[in-house]
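Take a look at the structure set out below.
Numbering (our numbering), first residue to last: 257 to 522.
Structure (structure tokens):
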């Protein structure tokens, strides 16, 4: 078999599989679990030599209800990153600029942000296994695909929705200031985790909220503020997994024959 465009084959083995499996029974639950596990692997590669503690929350009871807590928690010397993973995709209607459709999709991401705040509050009340250490807490929602929350419009829509849902849940909207939230795609998280590790949780995320950086895309903020940080080559890190399903001829390589990184600036 001859493959003139190897990148398209790679997409078929990754993104394209979604459309084969999406209608399978219980796909949503299994897909979410798999994505959560993948984010954990990314974190493990990014922090394989420290300097942070990576925790996986275990289910806990609140009254008669089972709470699952956040998906991952990264604690370094200066901050705590509480992560919620979401596979929700931006619908075609929202991509095409439909105002009602766009707001409905933004509301779903805001719902994940608010859920993560609830997870954090449970921990602060001593209800979960994780005990906050007093350092700044950042609430991060990692999405499977890019939602491109940049520019005043989407940021404002998301902030309005988060604020509204916090109030509806009987929570203080000041949580948005005392424990700032952030949303990034898994692709952006992979690109930025080296800078996140180097700068520290608090510095990296608080810096993104300053001035014009608020409306920048995550990679642009990272490359501007963390010049010289070498990106982690996740294609190389997961090369063994790729080789289980991808023919050698289709493996993306650089000019020296090594598996390429996920960003050309590496």
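We put the beta carbon where it would ideally sit given N, CA and C, even for glycine.
Straight-line CA distance for residue i to residue j?
i	j	result
residue 382	residue 420	26 Å
residue 511	residue 412	Here residue 511 scores only 47 on pLDDT, less than 50, and its place in the model should not be relied on; the value that follows carries that caveat. Rounded to whole angstroms, residue 511 to residue 412 spans 43 Å at the Cα level.
residue 452	residue 460	6 Å
residue 497	residue 430	44 Å
residue 443	residue 389	29 Å
residue 377	residue 262	47 Å
residue 487	residue 504	24 Å
residue 493	residue 446	12 Å
residue 384	residue 335	18 Å
residue 311	residue 387	11 Å
residue 477	residue 320	44 Å
residue 463	residue 499	38 Å
residue 471	residue 408	7 Å
residue 307	residue 495	25 Å
residue 282	residue 468	42 Å
Can you check which of these residues, the options, is closest to residue i by C-alpha distance?
i	options	result
residue 359	414, 488 and 432	414
residue 309	333, 479, 470 and 466	333
residue 288	441, 361, 355 and 400	400
residue 297	276, 341 and 314	341
residue 374	422, 363 and 357	422
residue 345	473, 502, 440 and 464	440
residue 449	281, 302 and 393	302
residue 434	425, 465 and 417	465
Ends of the beta strand (DSSP E) at residue i?
i	result
residue 328	328 to 331
residue 438	437 to 441
residue 323	321 to 323
residue 431	Where residue 431 is concerned, there is no enclosing beta strand (DSSP E), although the alpha helix (DSSP H) it sits in stretches over 431 to 434.
residue 397	393 to 399
residue 311	309 to 311
residue 471	First-last for residue 471: undefined, no H or E at that position.
residue 318	316 to 318
Between residue i and residue j, which are expected to be in contact by the criterion C-beta below 8 Å, what is the C-beta distance as a whole number of angstroms?
i	j	result
residue 328	residue 370	Actually they are not in contact, since the Cβ atoms of residue 328 and residue 370 sit about 18 Å apart, beyond 8 Å.
residue 293	residue 391	26 Å between Cβ atoms; not a contact.
residue 395	residue 330	Actually they do not touch by this definition, with Cβ atoms about 12 Å apart.
residue 455	residue 437	Actually they do not touch by this definition, with Cβ atoms about 18 Å apart.
residue 372	residue 397	6 Å
Just to confirm the assignment, what range does the alpha helix (DSSP H) spanning residue i have?
i	result
residue 374	355 to 380
residue 340	Residue 340 -> not in any alpha helix (DSSP H); beta strand (DSSP E) instead, spanning 336 to 342.
residue 480	474 to 481
residue 280	Careful: residue 280 lies outside any alpha helix (DSSP H) and carries neither H nor E.
residue 457	457 to 464
residue 492	490 to 493
When we look at the beta-carbon of residue i and count the other beta-carbons within 10 Å, is it buried (16 or more) or exposed?
i	result
residue 260	exposed
residue 290	exposed
residue 479	buried
residue 304	exposed
residue 404	exposed
residue 368	buried
residue 521	In this predicted model, residue 521 has a pLDDT of only 40, less than 50, meaning its place in the structure is not dependable enough to derive any value.
residue 299	buried
residue 379	buried
residue 365	buried
residue 490	buried
residue 361	buried
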